[in-house]
Amino acid sequence: MSASRRAFVISLAGLASNLFLVNVARADGTPVSESDPAAMALGYKANASQVDKAKFKNYMPGDKCSNCQFYQGAASAASAPCPLLGGKLVLGEGWCQGYAKKA
């Protein structure tokens, strides 16, 4: 491996780890607020049982963040980052229009 290729691979690994740490730092432990502009745009509710079923026809009982494919945590976790909301923490019992059942 040439020196320039080695330097490139080392730089790439450093960049990847920095991007990971930035995403971890963004999730500061506070769940996203329902009044957050991105949350409002997606119709996010911290408690899925409070979803307006007349307004959100795609909501089905049992749908919640913890069983969504975008939920970046264990299904048993109380909250986890969600890429749909910029990596902010969502509650496992929450729901939004971006819900997609985990396969």
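Residue numbers (mature numbering (1 follows the signal peptide of the UniProt record, and there is no 0)): -27 to -1, 1 to 76.
From the three backbone atoms N, C-alpha and C, an ideal C-beta is built for every residue, glycine too.
Backbone CA spacing between residue i and residue j [nearest angstrom]
i	j	result
A47	S39	7 Å
P4	Y17	11 Å
N31	I(-18)	46 Å
V24	P34	10 Å
A53	E66	11 Å
K61	D9	10 Å
S(-24)	L15	45 Å
Bridge-paired residues (DSSP) for residue i
i	result
C41	K74
K18	W68
K61	C55
P4	L62
Pick from the options that is closest to residue i, judged by C-alpha positions
i	options	result
K75	Q42, L15 and G67	Q42
A50	V63, G59 and P56	V63
K28	Q70, R(-22), L57 and P10	Q70
Close Cβ partners of residue i (< 7 Å) along its chain, the five nearest in sequence each way excluded
i	result
S6	A12
Cβ neighbours of residue i in the same chain (closer than 8 Å, five flanking residues each side left out)
i	result
D36	A21, W68, Y72 and K74
Q26	Strictly speaking, residue 26 in this sequence is Lys, with Gln absent from that position. Within the same chain, K26 has close Cβ partners Y32.
Own chain partners of residue i with C-beta closer than 6 Å, once the 5 adjacent residues on each side are dropped
i	result
G2	none
L57	F43 and G71
Q45	A53 and P54
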